[in-house]
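So the structure is just underneath, and the comments pick up after that.
2 protein chains.
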Amino acid sequence: MKIHFCSQCGSDNIHYRVPDGDHCPRYICHECQFIHYQNPNIIAGCLVTHDDKVLLCKRAIQPKKGMWTLPAGFMENHETIAQAAHRETWEEARARVDLDQLYTIFNLPHINQVYVIYYGELRGDQFAPGPESLQVRLFSTEEIPWDELAFPTIRETLKLYIQDRERGKLGLHCGDIVRPWVLADPKNATLKNLVSH
Amino acid sequence: MKIHFCSQCGSDNIHYRVPDGDHCPRYICHECQFIHYQNPNIIAGCLVTHDDKVLLCKRAIQPKKGMWTLPAGFMENHETIAQAAHRETWEEARARVDLDQLYTIFNLPHINQVYVIYYGELRGDQFAPGPESLQVRLFSTEEIPWDELAFPTIRETLKLYIQDRERGKLGLHCGDIVRPWVLADPKNATLKNLVSH
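Protein chains in written order, with the numbering used here: chain F, 1 to 197; chain U, 1001 to 1197.
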């Protein structure tokens, strides 16, 4: 994101250049020398299961309004990834979850995000749409609406889950989701450098 | 970090409050309504080994100048965690590494960081101090300078590595490193909620 004014002194004497001894260009204030660093964000979420079904949320907001997603969102300051996954699951699906393990970690370098998805089981059988969801429901793996999934990270996580269920063991999967889907149909997104633990 | 002026319009009419429909306080510009989000950063690094020894760097800069660390630093926009680990290993230890797997993931919610450390093997046998290091050397596990390690994340990663070597299998370990070490001696830091895959 472009910085037009210094957040510390208010000057508009901002230059986008590589600071001395650094390697990346940054927005630097030439009045007070403050450097406005910008770094990737973590998106934390959860693959919530119940009786072999997966919990999906229909998005009530842009982007991808009307498409299905796992509960997930920006990790906040002062929380852990697990706490963020719990919080997002509550906010979007009004569900409580027992987190079993980290499940997928995807780099999305073209949008400066790292997705971290936990695997967990629904606690009890209660869920309902939060303010950012139109609908929340459990899908058997046969019912997953593949053509209506909001993001490639969600599709890849669900594909890995189905593979893991077939082999009878949940892994922990790390990979990169690369640029094509920004330019075209998300269905063209490419998962690369997959490493499974 | 406190925001005094809007980065988009330059106004000082900034208020720290919870935006409508949100749950966390943010710095909001009351002139142009821009919200200055702040989120955790990822620190990417690498446990580099060679002939059963680990590569440590003596820090040339603050914080913890003169203390030993693994090559690690802030992940940048437009890169993956693995690319960041490679880059930091080159910048701090002038070493190339073959990354084998993700190794430790630590939440540090009190300083809004997530440490992600890869495990890898030194490619060739070359290494040297980069500009942020005073010295780089290989330590056998018996030689590790436990009292001179820069950060609890480094100590916990090395402890887990020694345990894993004894059992003959490298895991992938996730946990939280909690607040006490900010207030007192880093040796008092507490690793909690450890889950090993």
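In this text, a Cβ means the ideal position worked out from N, Cα and C, and glycines have one as well. Keep in mind the model is a prediction, meaning the values are calculated, not measured.
- In terms of Cβ geometry, U/Pro1019 and U/Ile1035 form a close pair [threshold 8 Å].
- Of U/Asn1041, U/Ala1060, U/Leu1055, U/Pro1109, the smallest CA-CA separation from U/Phe1139 is found for U/Leu1055.
- Non-local beta-carbon contacts of F/Asp164 in its own chain, meaning distances under 7 Å to residues more than five positions away in sequence, involve Leu170, Gly171 in chain order.
- Within 7 Å of the CB of U/Asn1107, the CB atoms of chain F belong to Thr80, Ile81, in sequence order along the chain.
- Distances from the CA of F/Gln38 to each of F/Arg26, F/Gly45, F/His30 were compared; the closest alpha carbon is that of F/Arg26.
- At a cut-off of 8 Å, the C-beta of F/Gln135 has no neighbouring C-beta in chain U.
- Within chain U, the residues Asn1039 have their CB atoms less than 7 Å from the CB of F/Asn41, given in chain order.
- Against chain U, the CB of F/Ser7 has a partner CB under 8 Å away; the residue lies at that interface.
- The stretch 78-93 of chain F makes no contact with the stretch 105-113 of chain F, as fewer than three CB pairs between them are under 8 Å.
- In the three-state scheme derived from DSSP, where H, G and I count as helix and E and B as strand, U/Ala1128 is classed as coil.
- One Cα belongs to F/His50, the other to F/Gly21, and the distance between them is close to 52 Å.
- Checking the DSSP bridge columns, you'll see U/Thr1104 partnered with U/Ile1117, U/His1173.
- Between F/Val116 and F/Ala128 a beta carbon distance of about 25 Å is seen, past the 8 Å cut, so the two are scored as non-contacting.
- Distance from the CA atom of F/Ile28 to the CA atom of F/Arg17, rounded to whole angstroms, is 7 Å.
- Between the C-alpha atoms of F/Tyr118 and U/Glu1156 there is a straight-line separation of about 22 Å.
- Between U/Gly1120 and U/Asp1100, the gap from beta carbon to beta carbon is short of 8 Å.
- Here U/His1015 carries a strand assignment [DSSP, helix/strand/coil].
- At a Cβ-Cβ threshold of 8 Å, F/Gly45 and F/Pro63 do not count as neighbours.
- Against chain F, the CB of U/Asn1013 has no partner CB under 8 Å away; the residue lies outside that interface.
- Apart from the 5 residues on each side of it in sequence, F/Ser196 sits with its Cβ closer than 6 Å to the Cβ of Gly171, His173 in its chain, given in chain order.
- Residues of chain F with a Cβ closer than 8 Å to the Cβ of U/Pro1131 are, in chain order, Gly21.
- Rounded to the nearest whole angstrom, the C-alpha separation of U/Asp1125 and F/Glu76 is 41 Å.
- Counting only the Cα atoms, U/Arg1167 lies some 21 Å from U/Lys1192.
- Every beta strand (DSSP E) of 3 residues or more that sits fully in the stretch 65-107 of chain F is shown, in chain order, as 72-74.
- The residue among F/Gln113, F/Ser7, F/Asp98 with its C-alpha nearest the C-alpha of F/Glu31 is F/Ser7.
- Here U/Ile1061 has Glu1132 as same chain residues with Cβ atoms under 6 Å from its own Cβ, once five neighbours each way along the sequence are excluded.
- Setting aside the 5 residues that flank it on each side, F/Met67 is surrounded in the same chain by Arg59, Glu148, Ala150, each with a C-beta closer than 6 Å to its C-beta; the list follows chain order.
- Within 10 angstroms of the beta-carbon of F/Asn13 lie fewer than 16 other beta-carbons, which makes it exposed.
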